[in-house]
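Down below is the structure, laid out as structure tokens.
Residue numbers (this note's numbering), protein chains in the order written: chain D, 1 to 169; chain Y, 1001 to 1169.
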């Protein structure tokens, strides 16, 4: 979890280089990814693991997970939206979203109010406390995104957002 | 889990379009992602969820998960490699890898043999059964990758592999 801290910025290859020099005669050739080298899914998983861990590391003092951040951010951007619209937009299963909202309500961050348009559903809002908490969370989430830009390269990050923005819509 | 099956190929927008037409007067404006729209981590999670589910769906009759497939593929490409080199290459925690190898050995797919170069470690190999199983797995994993290329667009897929190939190395 701490492998970012003392690492020099240019040492992207240091992990492998180190193990090479520690036991130079033990492997005759560099390792191959084999058929994985053609699987985008494999490369996505690798970066996703890093992103998830860096998010938790960077936001550790705020006790918030990526999915909770997504929910708070979308409620802030669309005050009054329904649970089902929120579930659709984020691709979260309804039962799981209901549990997340229970927890966010208990922490006093989000509120379910009766919907003025549909009495079977709720309209979602941030509480004043939730707005304040999200403000603090956003600062650290921005730091996390800056870490990712540094790790990946800002231009690659920009291109990838463009490539992925419409996926699944 | 079955949402790909009856869906026409051009209907990427059908989900949202449908909910629009079901209750046309209920939302005045399209939903916004808010601050998430600038977070690459958010878009990575969305595609990663799709990839994971499509992998399980496409390979369901073979009882293999993405991480097991990665392990088998790398052992095949590097017969005799050590557990620690495998853990480093795939970014898998050592204890978790040890448990995975236990299971793959029990299923008769992988073998740990004494290392000729280092008596504290093992050299990893696929069994003949493991080679045959991997051959079948690769066919369906190729189908899964083709699903992803169709969903994302083959050119975007190619560019993303190039962008991500060196991440974390």
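Using N, Cα and C, we set each Cβ at its ideal position, and we do this for glycine too.
| Below 8 Å between beta carbons: does that hold for residue 1171 of chain Y and residue 1141 of chain Y? | Because chain Y here runs from 1001 to 1169, residue 1171 of chain Y falls outside it and cannot be looked at.
| task | In the DSSP assignment, find the alpha helix (DSSP H) that holds residue 136 of chain D and state where it starts and stops. | result | Looking at the DSSP string, the run of the alpha helix (DSSP H) that includes residue 136 of chain D is 128-152.
| How big is the Cα-Cα spacing for residue 91 of chain D and residue 1095 of chain Y? | As the crow flies, the alpha-carbon of residue 91 of chain D is around 32 Å from that of residue 1095 of chain Y.
| Segment contact flag, the region 1053-1070 of chain Y with the region 40-53 of chain D, C-beta cutoff 8 Å, min 3 pairs | Touching, yes, given that three or more Cβ pairs across the two stretches are closer than 8 Å.
| field | Given residue 1099 of chain Y as reference, the closest of Y:1119, Y:1138 and Y:1083 once Cα atoms are compared | value | For residue 1099 of chain Y, the nearest C-alpha among the options comes from Y:1083.
| field | Proximity below 8 Å, CB of residue 134 of chain D to CB of residue 77 of chain D | value | No, the pair does not count as a contact, with Cβ atoms beyond the cut-off.
| Within this structure, are the beta carbons of residue 1038 of chain Y and residue 50 of chain D separated by less than 8 Å? | In this structure, residue 50 of chain D does not lie closer than 8 Å to residue 1038 of chain Y by Cβ.
| task | Mind listing the chain D neighbours of residue 1070 of chain Y? Cutoff is C-beta to C-beta under 7 Å, in chain order. | result | The contacting residues are 36 and 42.
| task | Could you name each continuous alpha helix (DSSP H) segment of 4 residues or more that falls completely within the region 1049-1135 of chain Y, going from the start of the chain to the end? | result | Counting only runs of 4 or more, we get 1066-1077, 1083-1090 and 1094-1106.
| query | Can a CB atom of chain Y be found closer than 8 Å to the CB of residue 106 of chain D? | reply | Closer than 8 Å: no.
| task | Could you say which of Y:1035, Y:1154, Y:1071 and Y:1080 lies nearest to residue 1118 of chain Y if we only look at CA atoms? | result | Distances from the alpha-carbon of residue 1118 of chain Y to those of Y:1035, Y:1154, Y:1071 and Y:1080 put Y:1080 closest.
| query | Roughly how many angstroms separate the alpha carbons of residue 34 of chain D and residue 108 of chain D, rounded to a whole number? | reply | Distance between the alpha carbons of residue 34 of chain D and residue 108 of chain D is about 50 Å.
| task | Determine the closest residue to residue 1055 of chain Y out of Y:1147, Y:1163 and Y:1086, with distance taken between C-alpha atoms. | result | If you compare the alpha carbons of Y:1147, Y:1163 and Y:1086 with that of residue 1055 of chain Y, the shortest gap goes to Y:1147.
| request: Go ahead and pull the three-state DSSP assignment for residue 13 of chain D. | output: Confidence at residue 13 of chain D is low in this model, with a pLDDT of 39, below 50, so its placement is unreliable and no value can be given for it.
| field | Interface residues of chain D facing residue 1148 of chain Y [CB-CB closer than 7 Å] | value | Chain-order list of chain D residues neighbouring residue 1148 of chain Y: 40 and 41, by C-beta distance under 7 Å.
| request: Report whether the distance from the Cβ of residue 1126 of chain Y to the nearest heavy atom of the ligand GTP is below 7 Å. | output: The ligand GTP is not part of the structure shown, which contains no ligands of any sort.
| request: Apply the 10 Å Cβ neighbour rule to residue 1139 of chain Y and answer buried if 16 or more other Cβ atoms are within range, or exposed otherwise. | output: Residue 1139 of chain Y should be labelled exposed.
| task | Would you grab the beta carbon distance between residue 122 of chain D and residue 59 of chain D for me? Rounded to a whole angstrom, and I think it's under 8 Å. | result | At roughly 27 Å, the Cβ-Cβ gap does not stay under 8 Å, so residue 122 of chain D and residue 59 of chain D are not in contact.
| query | How is residue 43 of chain D classed by DSSP in three states: helix, strand or coil? | reply | It is helical.
| Members of the region 1072-1106 of chain Y near chain D, C-beta cut-off 7 Å | The region 1072-1106 of chain Y vs chain D, Cβ under 7 Å: 1073, 1074, 1076, 1077, 1078, 1081, 1085, 1088, 1089 and 1091.
| request: Could you confirm whether any beta carbon from chain Y is found closer than 8 Å to the beta carbon of residue 141 of chain D? | output: At a cut-off of 8 Å between C-beta atoms, residue 141 of chain D counts as an interface residue with respect to chain Y.
| task | Using 10 angstroms around the beta-carbon of residue 1132 of chain Y, count the other beta-carbons present and answer buried if the total reaches 16, otherwise exposed. | result | Flag for residue 1132 of chain Y reads exposed.
| query | Is the Cβ of residue 1132 of chain Y closer than 8 Å to any Cβ of chain D? | reply | No, residue 1132 of chain Y does not count as interfacial toward chain D.
| task | Measure the Cβ-Cβ separation of residue 31 of chain D and residue 71 of chain D and say whether it is below 8 Å. | result | Between residue 31 of chain D and residue 71 of chain D, the C-beta gap is not smaller than 8 Å, which leaves the two residues out of contact.
| query | Under 8 Å between C-beta atoms, does residue 1126 of chain Y make it to chain D? | reply | Not closer than 8 Å to any Cβ of chain D, the Cβ of residue 1126 of chain Y fails to qualify, so no.
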